[in-house]
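Residue numbers (this note's numbering): 135 to 564. Where a beta carbon is used, it is the ideal one built from N, C-alpha and C, also for glycine. If you're wondering where the values come from, they're calculated on a predicted model, not measured in any experiment. Here is the structure we will look at, set down as structure tokens.
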Amino acid sequence: MCLPYKVVEVAGRGRCVTSVRDIHPNEVLLVDNPILVSPSTKSKAQCLQCCRLVDGSYKCPVCNFPMCNETCASGEIHKLECEVFERVDFEAEVEDVKIADDHYAAILPLRCIRMREKEPENWRIFQSFQSHCKERREANKDLWAYHDEHGVDFARDICEYKEEFSVEELHRMIGIMSVNSLGIELEKGYGEEMGFYPAFSNINHSCLANAKPVKMKDKTVEVRAKTSIKKGEEITFQYVVEIQPTRIRREMLNRKWFFLCSCTRCFDRAECGTFLGALLCQRRHCGGPVLPEQPTDTSSRFSCLECGNTIEYKEAVEIMNEAERNTQGKDPLHHLVEHIERFLQKYEDILHPYNYVMASMKMKLGCLYGNCPEYPLATMTKTMMMRKLQVCEESLVPLAILDEGQVGDNKWKGRLEKEICKIKCLMQIK
Ligand SMILES: [Zn+2]
Ligand SMILES: [Zn+2]
Ligand SMILES: [Zn+2]
Ligand SMILES: [Zn+2]
Numbered sequence: 135m136c137l138p139y140k141v142v143e144v145a146g147r148g149r150c151v152t153s154v155r156d157i158h159p160n161e162v163l164l165v166d167n168p169i170l171v172s173p174s175t176k177s178k179a180q181c182l183q184c185c186r187l188v189d190g191s192y193k194c195p196v197c198n199f200p201m202c203n204e205t206c207a208s209g210e211i212h213k214l215e216c217e218v219f220e221r222v223d224f225e226a227e228v229e230d231v232k233i234a235d236d237h238y239a240a241i242l243p244l245r246c247i248r249m250r251e252k253e254p255e256n257w258r259i260f261q262s263f264q265s266h267c268k269e270r271r272e273a274n275k276d277l278w279a280y281h282d283e284h285g286v287d288f289a290r291d292i293c294e295y296k297e298e299f300s301v302e303e304l305h306r307m308i309g310i311m312s313v314n315s316l317g318i319e320l321e322k323g324y325g326e327e328m329g330f331y332p333a334f335s336n337i338n339h340s341c342l343a344n345a346k347p348v349k350m351k352d353k354t355v356e357v358r359a360k361t362s363i364k365k366g367e368e369i370t371f372q373y374v375v376e377i378q379p380t381r382i383r384r385e386m387l388n389r390k391w392f393f394l395c396s397c398t399r400c401f402d403r404a405e406c407g408t409f410l411g412a413l414l415c416q417r418r419h420c421g422g423p424v425l426p427e428q429p430t431d432t433s434s435r436f437s438c439l440e441c442g443n444t445i446e447y448k449e450a451v452e453i454m455n456e457a458e459r460n461t462q463g464k465d466p467l468h469h470l471v472e473h474i475e476r477f478l479q480k481y482e483d484i485l486h487p488y489n490y491v492m493a494s495m496k497m498k499l500g501c502l503y504g505n506c507p508e509y510p511l512a513t514m515t516k517t518m519m520m521r522k523l524q525v526c527e528e529s530l531v532p533l534a535i536l537d538e539g540q541v542g543d544n545k546w547k548g549r550l551e552k553e554i555c556k557i558k559c560l561m562q563i564k
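What follows is the structure, given as structure tokens:
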């Protein structure tokens, strides 16, 4: 079968995935399965075969880790570490199943070690990815120390891998997984699991992505095109939630994946028409959008697109931070709907209607009207219906730009579209 993509090496940028032909919206670009799965290194007691959260009543007869039952205890995935525990005669003592237990930090390095022993080809692929050890160590000293003690030292000392694996090698395994893995979606009642997908992991991020991963129940991930993609174009998806302004998004990306995004959206003052980071001009009779002059510079002056009026970076950010604080602190005498309405009224002349703080409050409000006991759909006045429609439509604007097309689920977009449809039908009847 001829794949619609290829992995290419670009000087200074590392690996990228590009399309080898023109792609239509919604087309499946890539299907991938994990070659390594592991519970998160900070996990509550969960079954080491199926990830179900367990109550501790059944324990693996070999290693004493809490599991579901005999079937899971003898499962193929758990066997990887269980054989090691058996060899060194280790028995786990997970005391409280309700809180995160450091025993789970050992599972990831042990499964990596077993992959090297049993699946050399997969190990070679895994090894070819970046681990950002230096950056991770500096960024989160506590987490590094936690992995060092409960993952690296555990594997070397308790599991007797000291001769075979250096401290650095083991940290590298944890790093590759932390930077390149994908969270696996499990049902309610299950813990957290991550998977390493060898082809999928080559896809880079863009804040205005042309593709999207769709997670299947069997842990397969399908990457689908959101837009038309031209032959030779790079295929990208969003690593972080869409609806954050550039300042916050770039910080998040740099903290978790250690790169400074330089996509079209990051360099566009209005973030491709979404205005998520915009204020409103306070000069009399203006009210134009006020945006950073250099969006990727975290000290850039903000200025009005209409009249050029400027404000300092610090002042602009403080206005948005204060707004974020004001979303909280509801007066117990007021209903949440009233609290949000007051908030929106207070900020309607200060923040752009699509500003991320405004958009998230409008989403909530749009979903509350007609769906809570104090504001039931049946008794909504015409004014309330209009208001519901207005806030739903306004908060949908940035989402519709950033998550174009109808690929997979987008929790908020789907919800807003449903609410809009419902209220429009009702308005026609009344
Ligand atoms: Zn299980
Ligand atoms: Zn076991
Ligand atoms: Zn970007
Ligand atoms: Zn202005």
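- Within the segment 254 to 310, the complete alpha helix (DSSP H) segments at least 4 residues long are 254 to 261, 267 to 273, 275 to 281, listed from N- to C-terminus.
- By the Cβ-count criterion, N338 is buried, with 16 or more other Cβ atoms from all chains shown falling within 10 Å of its own Cβ.
- Here the alpha carbon of H419 sits roughly 27 Å from the alpha carbon of M520.
- The beta-carbon distance between D166 and F334, rounded to whole angstroms, is 4 Å. This is short enough to meet the 8 Å contact definition.
- In this structure, the CA atom of G407 is about 21 Å from the CA atom of I445.
- In terms of Cα proximity to E251, the closest of E283, V374, E319, F299 is F299.
- For A359, the three-state secondary structure derived from DSSP is strand.
- Contact check for V525 and G500: beta-carbon distance about 4 Å, within the 8 Å limit, so the pair qualifies.
- For Y481, the uninterrupted alpha helix (DSSP H) segment begins and ends at 470 to 481.
- In the DSSP assignment, M328 falls within the unbroken beta strand (DSSP E) covering 327 to 330.
- Of all residues, those with a beta-carbon under 5 Å from at least one heavy atom of ligand 2 are C194, V196, C197, C216, reported in chain order.
- The beta carbon of Y324 is closer than 6 Å to those of C185, R186 in its chain, skipping five residues each way along the sequence.
- Of the other Cβ atoms in all chains shown, fewer than 16 fall within 10 Å of the Cβ of S433; this residue is therefore exposed.
- In this chain, V154 is not harboured by any beta strand (DSSP E), its DSSP state being neither H nor E.
- Contact between C438 and R417 holds, since their C-beta atoms are separated by about 7 Å, short of 8 Å.
- Distances between the C-beta of N489 and the heavy atoms of ligand 4 are all 7 Å or more.
- For Y139, no alpha helix (DSSP H) run applies; the uninterrupted beta strand (DSSP E) run containing it begins and ends at 139 to 144, by DSSP.
- The beta-carbon separation of V491 and M454, rounded to 6 Å, stays under the 8 Å limit for a contact.
- In this structure, DSSP gives Q416 a state outside helix and strand, which the three-state scheme calls coil.
- One Cα belongs to C202, the other to I363, and the distance between them is close to 45 Å.
- Judged by DSSP secondary structure, I318 falls within the beta strand (DSSP E) whose first and last residues are 316 to 318.
- If the five residues before and after H281 are omitted, its C-beta is found closer than 8 Å to the C-beta atoms of T175, A239, H305, I308, all from its own chain and listed in chain order.
- Sequence-distant Cβ neighbours of W278 in its own chain, meaning closer than 7 Å and more than five residues away, are R270, R271.
- Within the same chain, and ignoring the five residues on either side of V196 in sequence, the residues whose Cβ sits closer than 7 Å to its Cβ are C216, F219, E220.
- Of F263, T430, F436, the smallest CA-CA separation from L414 is found for F436.
- Contact between K346 and F330 fails: their C-beta atoms lie close to 19 Å from each other, not under 8 Å.
- The beta carbon of E161 is closer than 7 Å to those of R358, A359 in its chain, skipping five residues each way along the sequence.
- DSSP places K346 in the uninterrupted beta strand (DSSP E) bounded by 345 to 349.
- Listed by position in the chain, the residues whose beta carbon lies within less than 5 Å of some heavy atom of ligand 4 are C415, R417, C420, G422, C438, E440, C441, N443.
- Taking each of S153, C559, P168, A534 in turn and checking the Cα distance to L410, the smallest one comes out for A534.
- As computed with DSSP, Q180 is found in a beta bridge with L187.
- Ranked by how close their Cα comes to the Cα of V228, the residues E458, M249, C194 have C194 in first place.
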